[in-house]
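First residue of the sequence shown: 1, per the working numbering; consecutive thereafter.
Every residue gets a Cβ at the ideal spot worked out from N, C-alpha and C, and that includes glycine.
Worksheet for the structure shown next.
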Amino acid sequence: MRKKKANWKQRAGVALVVVLGGAFGVAIASQGHHLGLLGVGQDLVTFYLPSFLGLVGAFYLQVFLHEAGHLVFGWISGYRFVSFRVGSLMLIRQGDRLALRRLVIPGTVGQCLMAPPEMVDGRFPARLYNLGGGLFNLVSAALLLGLRSLPGLNPQISLLLFIAGLLGLVIGLVNLIPIKTRMLSNDGHNALTLEQHPEALRALWLQLTINARLAEGQRLRDMPEDWFALPDEDSHQDTHTAAIAVIAANRLMDQERFMETDALMARLLARPGAMAGLHRQLLACDRIYLELLDQNRDSVLKSLDSPDMARFMKAMKAFPSVLRTRYAQALLKDGDPEKAQVIKAQFDRVACRYPYPADIRAEQELMVRAEARYQERERRMAEAPAD
1 MRKKKANWKQ
11 RAGVALVVVL
21 GGAFGVAIAS
31 QGHHLGLLGV
41 GQDLVTFYLP
51 SFLGLVGAFY
61 LQVFLHEAGH
71 LVFGWISGYR
81 FVSFRVGSLM
91 LIRQGDRLAL
101 RRLVIPGTVG
111 QCLMAPPEMV
121 DGRFPARLYN
131 LGGGLFNLVS
141 AALLLGLRSL
151 PGLNPQISLL
161 LFIAGLLGLV
171 IGLVNLIPIK
181 TRMLSNDGHN
191 ALTLEQHPEA
201 LRALWLQLTI
211 NARLAEGQRL
221 RDMPEDWFAL
231 PDEDSHQDTH
241 TAAIAVIAAN
251 RLMDQERFME
261 TDALMARLLA
271 RPGAMAGLHR
281 QLLACDRIYL
291 ELLDQNRDSV
301 LKSLDSPDMA
311 RFMKAMKAFP
321 SVLRTRYAQA
331 LLKDGDPEKA
341 QVIKAQFDRV
351 ACRYPYPADI
361 RAEQELMVRA
371 EARYQERERR
381 MAEAPAD
């Protein structure tokens, strides 16, 4: 019964997004007719081109406002600023200064991360931080749509204000009306349920706190051990607790406890829980590295390095851990040190603008490990007696 109820909620959430998206398109077309911009013989110039450009601009405006809402309401709740990202451009606090960095995370177009206040009796304020983004979208929608009542407004400007306001309304509703799918819980669902589930609430606190420590330059291996206690298997149905299990595996990797890392990653990938698809692909990518470093078995590598993984690694070609695995492949699978040096040069360019220096140091050490393994293999082959 619980599974059927969850499936019903997922379908309802998807249906809501589809309905709002369809209504958005119909409303824009209707507004174009109303303003006399559609159906006058110059639709491309008067309607379609302004609508497209306005939609792109309005989208990034609403993403900025959404993340600004998280920032303002987080600050009100006692959080401390860590980073603010729109698209790939990120402003991040590193020590006593702010730095401009670049980060691309597939499936996201913005993110505001803050360090939460300390937990008291297993709780911390999470509701306003979650709701802030959607509330800012709704407030901006009201303001932008209200500006259309100004006298003598140009029809194209009126259309752009309508698009920006309506998009703010849609984004606000999609984020605030509680929606939960197998891979995603939106801000409204988190605000409604997190404080009722202590383990999920603590998992969110840990994610935010760990991210803040990483931004300050601290390695995962140097953080408190109890932060990385594995949740029980039932808890993996929650995206926040599932993420803690992934971070625990990353910490084992940083500690160079490779056999334990591979075993844990294999268990996590075998579970059907709520782990994000990006996390699954990154874990599988890490397992390729571990296999190359250890037994380097063709059968295992073929099972891990699937066509889907090849596409993923191509899409994530500027991500440090993916570059590290590609570097190991060039050395330990292809035996091509020149190709490895090209990949290392790519890694060095990414490292200059990557926002988390602790991650870069960890990946550099793993690349050194792969190079040492390659040199050891080459030395053994050179010392082996000829047939």
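Does S306 come out as helix, strand or coil in the three-state DSSP assignment? For the purposes of this step, residue 306 is taken as residue 306 along the sequence shown, with counting starting at 1. Three-state DSSP puts S306 in coil, outside helix and strand.
Got a sec, what are the start and stop residues for the alpha helix (DSSP H) G168 sits in? Here the question's residue 168 lines up with position 168 in the sequence shown. Segment 155-176, the alpha helix (DSSP H) holding G168.
In three-state DSSP terms, what is D83? By 1-based counting over the sequence shown, the position of residue 83 is 83. Correcting the residue identity first, residue 83 is Ser in this sequence and not Asp. Note: S83 maps to strand in three-state DSSP.
Are at least three pairs of beta-carbons, each pair with one atom in the stretch 355-363 and one in the stretch 208-222, less than 8 Å apart? yes
Own chain partners of L304 with C-beta closer than 8 Å, once the 5 adjacent residues on each side are dropped: Start at 1 with the first residue of the sequence shown, and residue 304 comes out as number 304. So the list reads A284, R287, I288, E291, once near-sequence residues are dropped.
Hey, could you find the ends of the alpha helix (DSSP H) R324 is sitting in? Counted from its first residue, the sequence shown places residue 324 at position 324. It spans 320-328 - the alpha helix (DSSP H) in which R324 sits, taken as one unbroken run.
Every unbroken alpha helix (DSSP H) within the stretch 93-157, with a cutoff of 4 residues, ordered by chain: 127-147
In this structure, what does DSSP give as the bridge partners for M90? In the sequence shown, counting from the first residue as 1, residue 90 sits at position 90. According to DSSP, which records beta bridges pairwise, M90 is partnered with R85, R101.
Give me, in chain order, the residues of the same chain whose beta-carbon lies closer than 8 Å to that of A243; leave out the 5 immediate sequence neighbours on both sides. Within the sequence shown, the letter at position 243 stands for residue 243. Correct list, in chain order: A203, Q207, M275, A276, H279.
Buried or exposed: which applies to V45, given that a residue is buried once 16 or more other Cβ atoms fall within 10 Å of its Cβ? As a first step, residue 45 is located in the sequence shown; it is residue number 45 there, counting from the start. Residue confidence is low: V45 scores 49 on pLDDT, short of 50, so the model does not pin down where it sits. Its coordinate-derived value is still stated next. Per the 10 Å Cβ criterion, exposed.
Ordered along the chain, which non-local residues of its own chain (more than five positions away) have a Cβ less than 6 Å from that of L169? Residue numbering aside, residue 169 sits at position 169 when the sequence shown is read from its first letter. Once the five neighbours on either side are set aside, the close Cβ partners of L169 are A141.
Report the residue from A315, R271, Q329, K314 whose alpha carbon sits nearest the alpha carbon of R297. Taking the first residue of the sequence shown as 1, we reach residue 297 at position 297. The residue with the shortest Cα to Cα distance from R297 is Q329.
Kindly indicate which residue of G54, L135, S321, V82 has the alpha-carbon position closest to the one of M367. The sequence position of residue 367 within the sequence shown is 367, counting from 1. For M367, the nearest C-alpha among the options comes from S321.
Do V109 and V63 come within 8 Å of each other at the CB atom, strictly closer than that value? Here residue 63 corresponds to residue number 63 of the sequence shown, with the count starting at 1. Here residue 109 corresponds to residue number 109 of the sequence shown, with the count starting at 1. Yes, they are a contact pair.
Assign S392 to one of three DSSP states: helix, strand, or coil. This structure gives no information on residue 392, because the portion of the chain shown stretches from 1 to 387.
Report the residue from L282, M259, R257, F258 whose alpha carbon sits nearest the alpha carbon of L269. As a position in the sequence shown, residue 269 is number 269, starting the count at 1. Ranking the options by Cα distance to L269, first place goes to L282.
Going by the CB atoms, is the gap between R127 and E225 shorter than 8 Å? On the sequence shown, position 225 is the one that residue 225 refers to. On the sequence shown, position 127 is the one that residue 127 refers to. Contact flag unset, no.
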